[in-house]
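Each remark here refers to the structure printed beneath this line.
Chains as they are written, first to last, in the numbering used here: chain A, 125 to 237; chain B, 20 to 134.
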C-alpha cells in the first residue's frame, strides 16, 4: 500500500551500525515525549518514552535523549537490524496530563544489508 | 499487551456514501481517539472520547462524527464521504497513566480511498 511517508527525510544505515534519528519539538512546555515506529502498512508502535525531568532513558537497544535547552529529542538504535526499517516519529505532550499530542512527520530509516 | 483492532485494513467508497470505521480495544482504556494520517503531515486528531457516550472535537472534526456506545468500541462516521477524506485512519486508546502520562496505543490503520 501507499506509504504514509512519501516525502520524508531518509536515513540509510548499514546493518550493524548505530542509528540516530532526530526530532525538533515545538513547545517548550511539553513535558512528556514518545517515540513511535511505523512499518509500512501498519499502525504506529510505541517504542520508548521520556519525561522532561530526565535527559536520557534506555530501553532494549534504544536510547532516547532529551535536550530541553534546544527542544531536541533523539532516538538512538544500537546495532541496527533489517527489522528496524520503518518510519520513526516523535510525539510531544504540551498539555501535561491530557490527551493532546503534537506528532512529528517522521524519518524513514532504511537498513542496508 | 494492549490490542487495538480496526474493522478494515482497506476500504474503497464512492463520493457521497456513508462510511463507518470501527475500532475496538481490549484493555479497558478510558480514552479512545481517531486520527488521520496524510503524507508529509503529522497525525491529526479528528475526535476523542474519554468515556462512553462522551466525545470531544479534535483539530479537524469537520465532515466526521463519532459514536461510543460501549467502552471498548469507538466508531468514526463519514456522513457523506468526499475525495479529500481519502487518507489513512488510525484509532488509538489510552488510560491515564501513573504520573500523568497518557501513552496512546494505535491500531493497524484503515486506508480509505474515496472515488
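Where a beta carbon is used, it is the ideal one built from N, C-alpha and C, also for glycine.
Collapsed DSSP secondary structure at residue i in the structure displayed
| i | result |
| --- | --- |
| residue 208 (chain A) | helix |
| residue 138 (chain A) | strand |
| residue 123 (chain B) | coil |
| residue 50 (chain B) | strand |
| residue 24 (chain B) | strand |
Closest residue to residue i among the options (Cα-Cα distance)
| i | options | result |
| --- | --- | --- |
| residue 34 (chain B) | B:64, B:92, B:102 | B:102 |
| residue 145 (chain A) | A:224, A:237, A:151, A:204 | A:204 |
| residue 27 (chain B) | B:113, B:134, B:123, B:109 | B:109 |
Neighbourhood of residue i by C-beta distance below 6 Å, restricted to the same chain and skipping five residues each side
| i | result |
| --- | --- |
| residue 43 (chain B) | 24, 91, 92 |
| residue 232 (chain A) | 129, 132, 134, 211 |
| residue 154 (chain B) | In the structure as shown, chain B begins at 20 and stops at 134. Residue 154 (chain B) is therefore absent and cannot be evaluated. |
| residue 172 (chain A) | 159, 183, 186, 188 |
CA-to-CA distance, residue j to residue i, given in whole angstroms
| i | j | result |
| --- | --- | --- |
| residue 130 (chain B) | residue 137 (chain A) | 29 Å |
| residue 156 (chain A) | residue 174 (chain A) | 6 Å |
| residue 40 (chain B) | residue 104 (chain B) | 13 Å |
| residue 147 (chain A) | residue 222 (chain A) | 21 Å |
| residue 202 (chain A) | residue 191 (chain A) | 20 Å |
| residue 86 (chain B) | residue 178 (chain A) | 38 Å |
Cβ neighbours of residue i in the same chain (closer than 7 Å, five flanking residues each side left out)
| i | result |
| --- | --- |
| residue 106 (chain B) | 55, 56, 57, 131 |
| residue 218 (chain A) | 151, 153, 154, 224, 226 |
| residue 163 (chain A) | 210 |
| residue 139 (chain A) | 204, 205, 206, 235, 236, 237 |
Per DSSP, the bridge partner or partners of residue i
| i | result |
| --- | --- |
| residue 196 (chain A) | A:148, A:191 |
| residue 236 (chain A) | A:138 |
| residue 43 (chain B) | B:24, B:92 |
Other residues of its chain near residue i: CB distance less than 8 Å, five sequence neighbours each side excluded
| i | result |
| --- | --- |
| residue 64 (chain B) | 52, 53, 54, 77, 78, 79 |
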